[in-house]
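Visitor:
In the numbering used here, the protein residues as written are 10 to 359.
#1: Name the two residues that bound the continuous alpha helix (DSSP H) containing residue 383.
#2: By how many angstroms is the C-alpha of residue 257 removed from the C-alpha of residue 67?
#3: I think residue 73 touches residue 155, with their Cβ atoms under 8 Å apart; what is that distance to the nearest whole Å?
#4: By the DSSP assignment, the beta strand (DSSP E) with residue 295 in it spans what residues?
#5: Compute the Euclidean distance between the alpha carbons of residue 292 and residue 20, then round it to the nearest angstrom.
#6: Assuming residue 205 contacts residue 188 under a Cβ cut-off of 8 Å, what Cβ separation, rounded to an integer in Å, is found between them?
#7: CB-CB under 8 Å to residue 286, same chain, minus the five flanking residues each way: which ones, in chain order?
#8: Closest to residue 86 by CA distance: which of 129, 26, 61 and 41 is it?
#9: Is the segment 80 to 96 touching the segment 231 to 248, taking contact as three or more C-beta pairs under 8 Å?
#10: In this structure, does DSSP put residue 224 in helix, strand or coil?
#11: Which residues in the same chain have their Cβ closer than 6 Å to the Cβ of residue 121, if we skip the five residues on either side of it in sequence?
#12: Kindly indicate which three-state DSSP category residue 322 falls into: helix, strand or coil?
#13: Which ranges would you report for the beta strand (DSSP E) in the segment 22 to 99 if only whole runs of at least 3 residues count?
#14: Kindly identify the DSSP beta-bridge partner or partners of residue 327.
#15: So does the segment 122 to 137 actually touch the segment 211 to 223, counting three or more Cβ pairs closer than 8 Å?
#16: Looking only at its own chain, which residues have a Cβ that is under 8 Å from the Cβ of residue 215, when we skip the five neighbours before and after it?
#17: Nearest to residue 190 by alpha carbon, out of 219, 249 and 141?
#18: Which residues in the same chain have their Cβ closer than 8 Å to the Cβ of residue 211, if we skip the five residues on either side of it in sequence?
#19: My output table needs one value for residue 151: the three-state DSSP class, helix, strand or coil.
#20: Tell me, please, which residues DSSP counts as bridged to residue 270.
#21: Please name the residue in 253, 34, 140 and 284 whose C-alpha comes closest to that of residue 192.
#22: Using 8 Å for Cβ pairs, my map puts residue 251 next to residue 281. What's the rounded Cβ distance?
#23: Between the Cα of residue 343 and those of 283, 332, 308 and 318, spot the shortest distance and give me the residue it belongs to.
#24: Suppose you measure from the CA of residue 200 to the CA of residue 194; what does that come to, to the nearest Å?
#25: Tell me which residue opens and which closes the alpha helix (DSSP H) that residue 170 is part of.
#26: The alpha helix (DSSP H) spanning residue 12 covers which residue range?
#27: Give the DSSP bridge partners of residue 255, in chain order.
#28: Specify the secondary structure class of residue 279 as computed by DSSP and reduced to three states.
#29: Beta carbon of residue 102, beta carbon of residue 158: below 8 Å?
#30: Mapping DSSP to helix, strand and coil, what is residue 187?
#31: Could you tell me the alpha carbon to alpha carbon distance between residue 244 and residue 14, rounded to whole angstroms?
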(Lines of atoms letter the chains of each structure in order from A and count residues from 1; the text may use other names and numbers.)
(Lines give C-alpha, C1' and ligand atoms only; values in the text may rest on other atoms or scores of the structure.)
Protein backbone atom coordinates (compact mmCIF):
# COMPACT_ATOMS: atom_id res chain seq x y z
CA UNK A 1 0.00 0.00 0.00
CA UNK A 2 1.39 3.40 -0.99
CA UNK A 3 1.41 6.34 1.40
CA UNK A 4 -1.17 8.14 -0.76
CA UNK A 5 -3.52 5.22 -0.08
CA UNK A 6 -2.61 4.96 3.60
CA UNK A 7 -2.85 8.66 4.39
CA UNK A 8 -6.67 8.96 4.31
CA UNK A 9 -6.86 6.14 6.86
CA UNK A 10 -4.25 7.71 9.12
CA UNK A 11 -5.93 11.10 8.86
CA UNK A 12 -9.15 9.64 10.24
CA UNK A 13 -7.27 9.15 13.49
CA UNK A 14 -6.38 11.87 15.97
CA UNK A 15 -2.95 13.24 14.98
CA UNK A 16 -1.18 12.01 18.10
CA UNK A 17 -2.65 8.51 17.69
CA UNK A 18 -1.42 8.40 14.09
CA UNK A 19 2.00 9.49 15.29
CA UNK A 20 2.09 6.73 17.90
CA UNK A 21 1.21 4.17 15.21
CA UNK A 22 4.07 5.48 13.06
CA UNK A 23 6.48 5.07 15.96
CA UNK A 24 5.27 1.50 16.50
CA UNK A 25 5.72 0.70 12.82
CA UNK A 26 9.25 2.09 12.90
CA UNK A 27 9.93 0.09 16.03
CA UNK A 28 8.91 -3.08 14.20
CA UNK A 29 11.08 -2.12 11.23
CA UNK A 30 14.02 -1.49 13.54
CA UNK A 31 13.57 -4.94 15.06
CA UNK A 32 14.14 -6.63 11.69
CA UNK A 33 17.68 -5.62 10.63
CA UNK A 34 17.45 -7.20 7.18
CA UNK A 35 14.24 -5.30 6.39
CA UNK A 36 15.73 -2.11 7.82
CA UNK A 37 18.73 -2.46 5.50
CA UNK A 38 16.44 -3.11 2.54
CA UNK A 39 14.39 0.02 3.23
CA UNK A 40 17.55 2.05 3.64
CA UNK A 41 18.88 0.85 0.28
CA UNK A 42 15.63 1.84 -1.45
CA UNK A 43 15.23 5.26 0.12
CA UNK A 44 18.80 6.51 0.53
CA UNK A 45 20.27 8.62 -2.26
CA UNK A 46 24.01 8.00 -2.43
CA UNK A 47 25.75 10.72 -4.39
CA UNK A 48 29.12 12.28 -3.61
CA UNK A 49 27.76 15.72 -4.54
CA UNK A 50 25.47 15.61 -1.50
CA UNK A 51 28.17 14.69 1.00
CA UNK A 52 29.67 17.09 3.52
CA UNK A 53 32.16 16.75 6.33
CA UNK A 54 31.08 18.82 9.31
CA UNK A 55 32.71 18.68 12.77
CA UNK A 56 34.72 15.71 11.53
CA UNK A 57 31.51 13.80 10.77
CA UNK A 58 30.28 12.68 7.37
CA UNK A 59 26.79 13.80 6.41
CA UNK A 60 25.71 11.70 3.43
CA UNK A 61 23.09 14.28 2.47
CA UNK A 62 21.86 17.57 3.95
CA UNK A 63 18.32 16.43 4.88
CA UNK A 64 17.75 15.54 8.54
CA UNK A 65 14.85 14.50 10.72
CA UNK A 66 13.87 17.40 12.96
CA UNK A 67 13.42 17.07 16.70
CA UNK A 68 9.95 16.23 17.95
CA UNK A 69 9.26 13.07 15.98
CA UNK A 70 11.30 10.68 18.13
CA UNK A 71 11.25 12.37 21.51
CA UNK A 72 12.71 9.39 23.38
CA UNK A 73 15.38 8.18 20.97
CA UNK A 74 13.66 4.84 20.51
CA UNK A 75 13.55 4.53 16.72
CA UNK A 76 16.50 6.59 15.49
CA UNK A 77 17.94 3.66 13.53
CA UNK A 78 14.67 3.13 11.66
CA UNK A 79 14.40 6.86 10.96
CA UNK A 80 17.89 6.84 9.48
CA UNK A 81 16.76 4.01 7.19
CA UNK A 82 14.29 6.41 5.54
CA UNK A 83 17.24 8.07 3.82
CA UNK A 84 18.05 10.91 6.20
CA UNK A 85 21.55 12.36 6.29
CA UNK A 86 21.27 12.91 10.04
CA UNK A 87 18.74 12.41 12.83
CA UNK A 88 17.83 14.63 15.77
CA UNK A 89 15.95 13.15 18.73
CA UNK A 90 14.20 14.87 21.65
CA UNK A 91 13.32 17.28 23.04
CA UNK A 92 14.47 15.47 26.18
CA UNK A 93 14.41 16.87 29.71
CA UNK A 94 16.42 15.72 32.75
CA UNK A 95 13.41 14.05 34.37
CA UNK A 96 10.43 12.30 32.75
CA UNK A 97 7.30 14.38 32.27
CA UNK A 98 3.90 13.73 30.68
CA UNK A 99 3.53 16.98 28.78
CA UNK A 100 0.29 18.91 28.45
CA UNK A 101 -3.22 17.40 28.53
CA UNK A 102 -4.69 15.88 25.35
CA UNK A 103 -5.80 16.78 22.75
CA UNK A 104 -2.55 18.62 22.11
CA UNK A 105 -1.85 18.04 18.41
CA UNK A 106 -4.07 19.39 15.62
CA UNK A 107 -3.94 18.83 11.87
CA UNK A 108 -4.78 21.33 9.12
CA UNK A 109 -4.59 19.23 5.97
CA UNK A 110 -5.47 21.98 3.50
CA UNK A 111 -2.52 24.07 4.68
CA UNK A 112 -0.24 21.04 5.26
CA UNK A 113 0.24 22.38 8.77
CA UNK A 114 0.34 20.91 12.26
CA UNK A 115 -0.29 22.63 15.55
CA UNK A 116 1.23 21.09 18.66
CA UNK A 117 1.03 21.93 22.33
CA UNK A 118 2.80 18.78 23.52
CA UNK A 119 4.94 20.33 26.24
CA UNK A 120 8.13 18.25 26.05
CA UNK A 121 6.44 14.93 26.85
CA UNK A 122 9.32 12.46 27.19
CA UNK A 123 10.70 9.63 29.30
CA UNK A 124 13.68 11.60 30.57
CA UNK A 125 17.43 11.74 30.15
CA UNK A 126 18.34 8.43 31.73
CA UNK A 127 15.86 6.44 29.65
CA UNK A 128 17.16 8.07 26.47
CA UNK A 129 20.75 7.38 27.44
CA UNK A 130 19.99 3.68 27.91
CA UNK A 131 18.10 3.43 24.62
CA UNK A 132 20.85 5.08 22.62
CA UNK A 133 23.52 2.97 24.32
CA UNK A 134 21.62 -0.15 23.25
CA UNK A 135 20.91 1.03 19.72
CA UNK A 136 22.22 4.08 17.93
CA UNK A 137 22.10 4.60 14.15
CA UNK A 138 25.36 3.64 12.47
CA UNK A 139 26.94 5.95 9.92
CA UNK A 140 24.45 8.79 10.45
CA UNK A 141 25.21 11.74 12.76
CA UNK A 142 22.85 11.92 15.74
CA UNK A 143 21.80 15.08 17.54
CA UNK A 144 19.93 15.47 20.82
CA UNK A 145 17.58 18.39 21.37
CA UNK A 146 17.51 19.38 25.05
CA UNK A 147 15.12 21.44 27.18
CA UNK A 148 14.18 22.22 30.75
CA UNK A 149 11.53 20.43 32.80
CA UNK A 150 8.23 22.24 33.22
CA UNK A 151 8.58 22.25 37.02
CA UNK A 152 12.04 23.79 36.91
CA UNK A 153 11.85 27.54 37.61
CA UNK A 154 13.16 29.68 34.77
CA UNK A 155 15.85 31.11 37.02
CA UNK A 156 17.16 27.56 37.58
CA UNK A 157 16.83 26.44 33.95
CA UNK A 158 20.59 26.43 33.37
CA UNK A 159 20.88 23.58 35.89
CA UNK A 160 18.67 21.39 33.71
CA UNK A 161 20.79 22.06 30.63
CA UNK A 162 23.96 21.36 32.64
CA UNK A 163 22.53 17.98 33.69
CA UNK A 164 21.68 17.13 30.08
CA UNK A 165 25.07 18.15 28.70
CA UNK A 166 26.79 15.99 31.29
CA UNK A 167 24.43 13.03 31.14
CA UNK A 168 24.14 12.68 27.37
CA UNK A 169 27.54 13.77 26.06
CA UNK A 170 28.48 10.21 25.14
CA UNK A 171 25.12 9.54 23.47
CA UNK A 172 25.21 11.98 20.56
CA UNK A 173 27.28 13.82 17.99
CA UNK A 174 25.84 17.27 18.71
CA UNK A 175 23.41 19.08 21.03
CA UNK A 176 20.65 21.54 20.20
CA UNK A 177 19.62 23.89 23.00
CA UNK A 178 15.87 24.42 22.81
CA UNK A 179 14.89 27.75 24.35
CA UNK A 180 12.22 28.46 21.75
CA UNK A 181 9.35 26.01 22.19
CA UNK A 182 6.12 27.85 22.99
CA UNK A 183 4.77 24.91 25.00
CA UNK A 184 6.77 25.16 28.23
CA UNK A 185 5.84 28.15 30.42
CA UNK A 186 8.62 30.71 30.56
CA UNK A 187 10.96 28.85 28.20
CA UNK A 188 11.02 31.56 25.55
CA UNK A 189 12.07 34.08 28.18
CA UNK A 190 15.46 32.34 27.99
CA UNK A 191 15.84 33.80 24.50
CA UNK A 192 17.98 36.65 25.73
CA UNK A 193 21.71 37.17 25.50
CA UNK A 194 22.77 36.46 29.09
CA UNK A 195 20.78 33.23 29.39
CA UNK A 196 21.79 31.84 26.01
CA UNK A 197 25.46 32.64 26.50
CA UNK A 198 25.43 31.15 29.99
CA UNK A 199 23.91 27.88 28.78
CA UNK A 200 26.29 27.59 25.83
CA UNK A 201 29.37 28.31 27.95
CA UNK A 202 28.33 25.70 30.51
CA UNK A 203 27.86 23.21 27.72
CA UNK A 204 31.28 23.95 26.31
CA UNK A 205 32.82 23.29 29.73
CA UNK A 206 31.05 19.94 30.12
CA UNK A 207 31.14 18.46 26.64
CA UNK A 208 33.28 18.49 23.53
CA UNK A 209 30.17 17.96 21.39
CA UNK A 210 29.15 20.86 19.10
CA UNK A 211 26.31 22.93 20.56
CA UNK A 212 23.65 24.61 18.43
CA UNK A 213 20.89 26.96 19.58
CA UNK A 214 17.36 26.78 18.16
CA UNK A 215 15.47 30.06 17.87
CA UNK A 216 11.82 31.01 17.47
CA UNK A 217 10.40 32.53 14.27
CA UNK A 218 8.44 35.03 16.35
CA UNK A 219 11.52 37.00 17.35
CA UNK A 220 12.02 40.33 15.65
CA UNK A 221 14.76 40.19 13.03
CA UNK A 222 17.20 42.21 15.10
CA UNK A 223 16.50 40.07 18.17
CA UNK A 224 17.21 36.85 16.28
CA UNK A 225 20.43 38.24 14.83
CA UNK A 226 21.58 39.54 18.23
CA UNK A 227 20.86 36.22 19.93
CA UNK A 228 22.47 34.17 17.20
CA UNK A 229 25.61 36.29 17.29
CA UNK A 230 25.71 36.12 21.09
CA UNK A 231 25.40 32.34 21.02
CA UNK A 232 28.24 32.02 18.51
CA UNK A 233 30.41 34.43 20.49
CA UNK A 234 29.89 32.15 23.51
CA UNK A 235 31.03 29.11 21.55
CA UNK A 236 27.95 27.77 19.78
CA UNK A 237 28.81 25.83 16.64
CA UNK A 238 25.58 26.69 14.89
CA UNK A 239 22.07 28.11 14.85
CA UNK A 240 18.85 26.26 14.02
CA UNK A 241 16.18 28.41 12.34
CA UNK A 242 13.37 27.98 13.31
CA UNK A 243 11.04 26.44 15.88
CA UNK A 244 7.23 26.57 15.60
CA UNK A 245 5.33 29.87 15.42
CA UNK A 246 2.64 31.35 17.64
CA UNK A 247 1.32 33.55 14.84
CA UNK A 248 -2.12 31.93 14.86
CA UNK A 249 -3.41 34.33 12.21
CA UNK A 250 -1.64 32.11 9.66
CA UNK A 251 -4.31 29.41 10.04
CA UNK A 252 -7.98 30.48 10.19
CA UNK A 253 -9.68 28.72 13.06
CA UNK A 254 -6.50 27.75 14.88
CA UNK A 255 -6.76 27.78 18.66
CA UNK A 256 -4.41 30.10 20.48
CA UNK A 257 -2.31 27.30 21.92
CA UNK A 258 0.99 25.66 21.07
CA UNK A 259 2.94 26.28 17.89
CA UNK A 260 2.29 25.93 14.16
CA UNK A 261 4.64 24.06 11.84
CA UNK A 262 4.68 23.20 8.17
CA UNK A 263 3.82 25.16 5.06
CA UNK A 264 2.57 28.27 6.90
CA UNK A 265 5.99 28.67 8.49
CA UNK A 266 7.87 28.60 5.17
CA UNK A 267 8.19 32.33 4.51
CA UNK A 268 9.14 33.39 8.02
CA UNK A 269 11.65 30.59 8.45
CA UNK A 270 13.32 31.58 5.19
CA UNK A 271 13.32 35.28 6.13
CA UNK A 272 15.12 34.64 9.40
CA UNK A 273 17.61 32.37 7.67
CA UNK A 274 18.47 35.22 5.30
CA UNK A 275 18.77 37.76 8.13
CA UNK A 276 21.00 35.58 10.30
CA UNK A 277 23.08 34.39 7.34
CA UNK A 278 23.83 38.02 6.49
CA UNK A 279 25.68 38.26 9.81
CA UNK A 280 26.93 34.76 10.51
CA UNK A 281 27.43 32.90 7.23
CA UNK A 282 30.93 31.44 7.34
CA UNK A 283 31.24 31.88 11.11
CA UNK A 284 28.99 29.01 12.12
CA UNK A 285 26.76 26.28 10.76
CA UNK A 286 23.20 27.28 9.85
CA UNK A 287 20.40 24.70 9.90
CA UNK A 288 17.08 25.59 8.25
CA UNK A 289 13.81 23.98 9.36
CA UNK A 290 10.21 25.06 8.90
CA UNK A 291 8.30 24.61 5.67
CA UNK A 292 10.96 22.62 3.82
CA UNK A 293 8.70 20.44 1.67
CA UNK A 294 10.36 20.00 -1.74
CA UNK A 295 13.71 19.84 -3.49
CA UNK A 296 13.18 23.36 -4.81
CA UNK A 297 12.58 24.76 -1.34
CA UNK A 298 15.54 22.82 0.03
CA UNK A 299 17.75 24.21 -2.73
CA UNK A 300 16.56 27.75 -1.97
CA UNK A 301 17.53 27.33 1.69
CA UNK A 302 20.96 25.96 0.79
CA UNK A 303 21.63 28.85 -1.58
CA UNK A 304 20.54 31.26 1.17
CA UNK A 305 23.25 29.92 3.48
CA UNK A 306 21.97 26.81 5.25
CA UNK A 307 24.40 23.89 5.27
CA UNK A 308 21.84 21.46 6.66
CA UNK A 309 18.04 21.17 6.48
CA UNK A 310 15.43 19.44 8.62
CA UNK A 311 11.92 18.21 7.91
CA UNK A 312 9.07 16.77 9.95
CA UNK A 313 5.61 18.16 9.17
CA UNK A 314 6.05 17.72 5.41
CA UNK A 315 6.84 14.07 6.06
CA UNK A 316 3.43 13.66 7.72
CA UNK A 317 1.64 14.98 4.66
CA UNK A 318 3.84 13.59 1.88
CA UNK A 319 5.12 10.33 3.33
CA UNK A 320 8.50 8.65 3.88
CA UNK A 321 9.58 8.84 0.22
CA UNK A 322 9.91 12.62 0.63
CA UNK A 323 13.50 12.38 1.84
CA UNK A 324 14.52 10.45 -1.26
CA UNK A 325 12.55 12.81 -3.50
CA UNK A 326 14.24 15.89 -2.04
CA UNK A 327 17.70 14.41 -2.37
CA UNK A 328 17.08 13.24 -5.93
CA UNK A 329 15.76 16.68 -6.76
CA UNK A 330 18.81 18.35 -5.23
CA UNK A 331 21.10 16.23 -7.38
CA UNK A 332 19.09 17.17 -10.48
CA UNK A 333 19.17 20.88 -9.62
CA UNK A 334 22.91 20.74 -8.99
CA UNK A 335 23.47 18.95 -12.29
CA UNK A 336 21.41 21.58 -14.11
CA UNK A 337 23.57 24.34 -12.68
CA UNK A 338 26.82 22.43 -13.03
CA UNK A 339 27.51 22.33 -9.28
CA UNK A 340 29.91 19.54 -8.38
CA UNK A 341 29.42 19.74 -4.61
CA UNK A 342 27.13 21.28 -2.00
CA UNK A 343 29.95 23.65 -1.15
CA UNK A 344 29.32 25.38 -4.47
CA UNK A 345 25.60 25.72 -3.67
CA UNK A 346 25.59 26.76 -0.01
CA UNK A 347 25.41 30.53 0.26
CA UNK A 348 25.45 31.05 -3.52
CA UNK A 349 22.65 33.64 -3.32
CA UNK A 350 24.35 35.74 -0.69
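C-beta atoms are modelled at their ideal positions from N, C-alpha and C, and glycine is treated no differently. Nothing here was measured: the structure is a model prediction, and the numbers come from that model.
Guide: This is what the structure gives:
#1: Limits of the chain in this structure are 10 at one end and 359 at the other, which puts residue 383 out of reach.
#2: 38 Å
#3: Not a contact, Cβ separation roughly 16 Å.
#4: 294 to 298
#5: 43 Å
#6: 7 Å
#7: 295, 313, 314, 315, 356 and 359
#8: 41
#9: no
#10: strand
#11: 271, 272 and 326
#12: helix
#13: 61 to 63, 66 to 68 and 72 to 74
#14: Paired residue(s): none; residue 327 is not in a bridge.
#15: no
#16: 171, 174, 175 and 178
#17: 249
#18: 167, 170, 171 and 174
#19: strand
#20: 123
#21: 253
#22: 6 Å
#23: 308
#24: 13 Å
#25: 166 to 177
#26: 12 to 19
#27: Partner(s): none; residue 255 has no beta bridge.
#28: helix
#29: yes
#30: strand
#31: 47 Å
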